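Heads up, the thing below is written out as structure tokens.
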Amino acid sequence: MRGRGLLVAALVLLAAGGSVAPARAVDSDGSPPTLVTPDRASWLVGSQLDLDLDYCPGLNLTVARQTFAWTATDDSGSVASSVVVVPWAAEPYELSLDPSATSATVRTDDWQNDCGGPRGFPDTYEVTATDPAGNATTNVVMGGAFSTIQQDGTVDSPYGARVSVRYDGAWRSVSLPTASHGTLARSDDPDAAVELTVTALADRFNPPAATGTNLALVMREGPRAARFAVYQNGTLVARVTPYAAHSHARTIIWQGPAALGDTLRVVRLAGRDPDAPRGGPRTLTLDAVLAN
Numbered sequence: 020m021r022g023r024g025l026l027v028a029a030l031v032l033l034a035a036g037g038s039v040a041p042a043r044a045v046d047s048d049g050s051p052p053t054l055v056t057p058d059r060a061s062w063l064v065g066s067q068l069d070l071d072l073d074y075c076p077g078l079n080l081t082v083a084r085q086t087f088a089w090t091a092t093d094d095s096g097s098v099a100s101s102v103v104v105v106p107w108a109a110e111p112y113e114l115s116l117d118p119s120a121t122s123a124t125v126r127t128d129d130w131q132n133d134c135g136g137p138r139g140f141p142d143t144y145e146v147t148a149t150d151p152a153g154n155a156t157t158n159v160v161m162g163g164a165f166s167t168i169q170q171d172g173t174v175d176s177p178y179g180a181r182v183s184v185r186y187d188g189a190w191r192s193v194s195l196p197t198a199s200h201g202t203l204a205r206s207d208d209p210d211a212a213v214e215l216t217v218t219a220l221a222d223r224f225n226p227p228a229a230t231g232t233n234l235a236l237v238m239r240e241g242p243r244a245a246r247f248a249v250y251q252n253g254t255l256v257a258r259v260t261p262y263a264a265h266s267h268a269r270t271i272i273w274q275g276p277a278a279l280g281d282t283l284r285v286v287r288l289a290g291r292d293p294d295a296p297r298g299g300p301r302t303l304t305l306d307a308v309l310a311n
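In my numbering, the protein residues as written are 20 to 311.
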């Protein structure tokens, strides 16, 4: 009877010279959005590590920024995204993001157990895409926990990946208050190189197990910073010029993925940035390596 009443009402409206809008179909879409995320977070290239965080007497934490991006699509043409940070042993919390966001940056630290306290640093990131019908897809991005490997090969955190450090050429350690933990390695040797090998992956408390890592080279950028190349297992993957008009320590100059057993060789290159001073030596530095 309801359908017949609607038909009569429509005929009356037409007879009066009106129009009838097509009935809007109820959204019965049961298909969730398509969400593509990386396996793990990357390091924010160009950002500086915070000054060492004095967590407790004799213990300094490294504070860095991780980033990740995603794509979310749906037949409806509309998708809202959100990100929840899941710490190892603390309450999850949602990042403050615009629903149209397709990337996030998170401030995190290499928490260590020496002084106790909650494991409040990020473990994983849960990215959720939701369509107008309420269908949702959630993917997990790994890599919140990380280790800081200092220029001498010492490792701060027992939970992140491990990387061995070996130098070729003439290098020296320099005390610098603005460097990570107050010291960096530097070389004016034109044949200088440093070799980094992934010896262990992150020791995660929660499944799934780590399958790789993202490594970040923390260096001092500046007007006399030497250009360098990065070779991964013998294959050239990057040429980098860490030039800056002013010197900045604790800067993430390059980052990239690596697997267990991979070797990265950082080799000094000749030449200079066009804006760099013409005279004087070029210096290759290594402040620290981040590995998640």
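Just so you know, even glycine gets a beta-carbon here, dropped at the ideal spot from N, CA and C.
All figures in this text were calculated on a predicted structure; none of them were measured in a lab.
For Gly231, which of Val237, Met238, Val217 and Gly241 has the nearest alpha-carbon? Val217
If you run the structure through DSSP and keep just helix, strand and coil, what is His265? Here His265 sits in coil by DSSP.
Just verifying my parser: in three-state terms, what is the DSSP assignment at Ser192? strand
Apart from the five residues on each side of it in sequence, which residues of its chain come closer than 8 Å, Cβ to Cβ, to Val125? The answer, listed in chain order, is Ala60, Arg84, Gln85, Thr86, Val104, Leu114, Pro141, Tyr144 and Gly163.
With 16 other Cβ atoms within 10 Å as the buried cut-off, status of Pro261: buried
Do you know offhand how far Ala257's Cα is from Val249's? 5 Å
Nearest CA to the CA of Leu54: which residue from Thr270, Ala108, Ala148 and Ala277? Ala148
Using a Cβ distance threshold of 8 Å, determine whether the stretch 196-204 contacts the stretch 152-161, with at least three qualifying pairs required. no
State the Cα-Cα distance for the pair Ala228 and Asp94, rounded to the nearest angstrom. 34 Å
Coarse secondary structure for Gly201, derived from DSSP in three states: helix
Closer than 6 Å by C-beta to Gln169: which residues in its own chain qualify, once you throw out the five before and the five after it? Chain order, please. His200 and Ala307, listed in sequence order.
Where Glu240 falls, given that 16 or more other Cβ within 10 Å makes a residue buried: buried
Under 8 Å, do Leu203 and Thr270 count as touching if we go by C-beta distance? no
State yes or no: is the C-beta of Val82 within less than 8 Å of the C-beta of Trp273? no
Coil, strand or helix - Phe165 by DSSP: coil
Closest by CA to Ser57, which one among Gly275, Trp190, Arg287 and Leu309? Note on residue identity: the sequence assigns Pro, not Ser, to residue 57. For the residues Gly275, Trp190, Arg287 and Leu309, the minimum Cα distance to Pro57 belongs to Gly275.
With C-beta atoms as the reference, is Leu234 less than 8 Å away from Leu116? No, these two residues do not count as a Cβ contact at 8 Å.
Residue interval of the beta strand (DSSP E) (run including Asp142): Pro141 to Thr149
Could you give the first and the last residue of the continuous beta strand (DSSP E) run that contains Ser122? Ser122 to Asp128
Under 8 Å, do Leu220 and Val184 count as touching if we go by C-beta distance? no
Spatial neighbours of Leu288 in its chain, beta-carbon cut-off 8 Å, leaving aside the 5 residues before and after: Ala245, Arg246, Phe247, Ala248 and Arg258
Own chain partners of Val174 with C-beta closer than 7 Å, once the 5 adjacent residues on each side are dropped: Ser166, Ile168 and Arg181
Whether Ser100 touches Thr121 by CB criterion (8 Å): For Ser100 and Thr121, yes; Cβs fall inside 8 Å.
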